[in-house]
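The opening residue of the sequence shown carries number 5 in the working numbering; numbering runs sequentially from there. Think of the CB as a built atom: it goes at the ideal place given N, C-alpha and C, for glycine as much as any other residue. Bear in mind that the values here come from a model prediction, so they are computed numbers and not experimental data. First up is the structure itself, then whatever we jot down about it.
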Amino acid sequence: MKALQFHKSLSLIECPFPSRKQGEVLVQVHLAGICNTDLEILKGYMNFTGIPGHEFVGYIAESDNTALVGKRVTGEINIGCGECIACQNGLDRHCPNRDVLGIQNYNGAFAEFLIIPEKNLFFIPDSISDEEAVFIEPLAAACEILEQIQIQPQFHVAVFGDGKLGLLIAQVLQISGCKLTVIGRHPDKLNFVRRLGVDTLLESQISDQRFDVVVDATGSADGFHQALQCVKPRGIFVLKSTTQESIQFNPAKLVIDEIQLVGSRCGPFRPAIQLLVEKKVDVKPLISGIYPLNAWETAFQVAESRESLKILLSMKL
5 MKALQFHKSL SLIECPFPSR KQGEVLVQVH LAGICNTDLE ILKGYMNFTG IPGHEFVGYI
65 AESDNTALVG KRVTGEINIG CGECIACQNG LDRHCPNRDV LGIQNYNGAF AEFLIIPEKN
125 LFFIPDSISD EEAVFIEPLA AACEILEQIQ IQPQFHVAVF GDGKLGLLIA QVLQISGCKL
185 TVIGRHPDKL NFVRRLGVDT LLESQISDQR FDVVVDATGS ADGFHQALQC VKPRGIFVLK
245 STTQESIQFN PAKLVIDEIQ LVGSRCGPFR PAIQLLVEKK VDVKPLISGI YPLNAWETAF
305 QVAESRESLK ILLSMKL
């Protein structure tokens with residue numbers, strides 16, 4: 005099969021079909037999304053080598069349960085050991101011995117086929133298209149914020165970052181009924197949420213605004229520092245960015261202003277799927293292009309552009 009492999013650099017290779025163990029399924033990948041984390045992996049994030057990619061939709065090609073063959077699926081990316089305290093408490097995503105699809109010790113979705121444990125699978129309702137389904141994993145990450153924090157209608161919340169994750173987070177938080185502002189650098193991207201009735205600001209327009217909750221989805225050190233300065237005393241600062249770049253800061257503001265710091269990573273798939281079924285979140289306008297796997301170089305160049313949003317890879321060559 006053909007796959008994109010990262011080992012110091014990214015290349016398209018021909019490799020053997022992956023062999024599955026008991027409890028695992030073979031999935032024929034249809035579409036896979038290029039995430040900012042994938043771009044950070046190319047810079048050395050997590051010291052990953054292998055096949056990257058963790059946002060996918062595909063069809064089960066092989067399974068111990070033959071009734072599952074042909075089912076359309078996506079999958080939770082964290083693969084826990086199943087034995088530790090975290091796994092026993094249903095927190096596989098925090099298993100200290102976990103593998104992570106396409107990110108840590110486990111080959112991912114930028115390939116014609118992938119292996120994943122059956123317990124990680126989620127079946128996709130017919131009302132969700134493949135192009136929408138590929139967003140389930142990042143949409144789940146956006147939903148995680150509402151799992152961690154009770155956003156009250158009277159809260160004024162700011163989302164820093166007008167990239168694909170920031171725009172997904174904005175749509176999810178809007179459902180809470182809070183007063184919401186999205187802050188970014190690109191007027192054309194901000195127009196997307198403005199059309200949904202969300203207030204927007206360019207970073208250059210920020211003056212003395214302070215917010216009850218600030219979400220950093222900028223993916224940059226500069227964005228982190230600017231977002232932190234906009235948190236009210238006793239406010240909440242939610243970190244969504246994962247970067248290879250080191251961020252240095254003085255924690256004095258957190259202490260002096262008694263700010264609650266919340267790290268937020270992966271999230272629950274079922275609420276994300278339900279949002280797509282109920283059409284409460286619109287993801288299709290976030291697709292900037294779909295490229296065949298053999299045009300991966302162009303796809304990654306476009307994905308790295310500040311003007312683009314989500315780039316998808318189609319495994320149809």
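Query raised in the report: Based on the DSSP output, what are the partners of K193 in its beta bridges?
Result: Looking at the DSSP assignment, K193 forms no beta bridge with any residue, so it has no partner.
**Report entry** C-beta atoms of D68 and E80 nearer than 9 Å
**Finding:** no
Report task. Using the Cα positions of F114 and P289, report the straight-line distance between them to the nearest angstrom. Result -> 22 Å
Query raised in the report: On the three-pair Cβ rule with 8 Å, is the region 247-257 touching the region 272-281?
Result: no
Query - Continuous beta strand (DSSP E) stretch holding G62: start and end - result: Counting along the chain, the unbroken beta strand (DSSP E) around G62 starts and ends at E59 to E66.
Query raised in the report: Can you name the residues that DSSP bridges to Y295?
Result: L317
Query raised in the report: Span of the beta strand (DSSP E) holding T70?
Result: Careful: T70 lies outside any beta strand (DSSP E) and carries neither H nor E.
Query - Segment contact, 8 Å Cβ cut-off, at least three pairs: the region 146-155 with the region 122-138 - result: no
Query - L105 (DSSP reduced to helix, strand or coil) - result: In this structure, L105 counts as coil in the three-state DSSP scheme.
Query raised in the report: Out of R24, T246, T204 and I38, which has the shortest C-alpha to C-alpha gap to E308?
Result: Taking only the C-alpha atoms, the option nearest E308 is I38.
Report task. Spell out a yes or no on whether the region 203-216 and the region 176-192 are touching, meaning 3 or more CB-CB pairs, one atom from each, closer than 8 Å. Result -> yes
Requested in this report: Confirm the yes/no value for this check: CB of Q305, any heavy atom of the ligand PLP, distance under 8 Å.
Outcome: The ligand content of the structure shown is nil, which means the ligand PLP is not present either.
Query raised in the report: Counting only runs that start and end within the region 128-158, where is the alpha helix (DSSP H) found for 4 or more residues in a row?
Result: 134-137 and 140-152
Report task. Could you tell me if R198 is buried or exposed, where buried requires 16 or more neighbouring beta carbons within 10 angstroms of its beta carbon? Result -> exposed
Query raised in the report: Taking just the CA atoms, how far does A36 sit from L177?
Result: 25 Å
Requested in this report: Would you mind working out which of T204, L194, A137 and D216 sits nearest P237, comparing C-alpha positions?
Outcome: D216
Query - Run of the beta strand (DSSP E) containing A307, from where it starts to where it stops - result: Taken as a continuous stretch (DSSP letters only), A307 belongs to no beta strand (DSSP E), being part of the alpha helix (DSSP H) at W300 to A307.
Query raised in the report: Taking buried to mean at least 16 other C-beta atoms within 10 Å of its own C-beta, is T41 buried or exposed?
Result: buried
Report task. Take R214 as the anchor and find which of T246, A162 and D166 has the nearest alpha-carbon. Result -> A162
**Report entry** At least three beta-carbon pairs within less than 8 Å, the region 225-243 to the region 43-53
**Finding:** By the Cβ criterion, the region 225-243 is not in contact with the region 43-53, since fewer than three pairs of Cβ atoms, one from each stretch, lie closer than 8 Å.
Query - Neighbour-count burial assignment, A71, 16 or more Cβ in a 10 Å radius - result: exposed
Query raised in the report: What separation, rounded to the nearest whole angstrom, lies between the Cα atoms of C91 and P142?
Result: Computed Cα separation, rounded: 22 Å.
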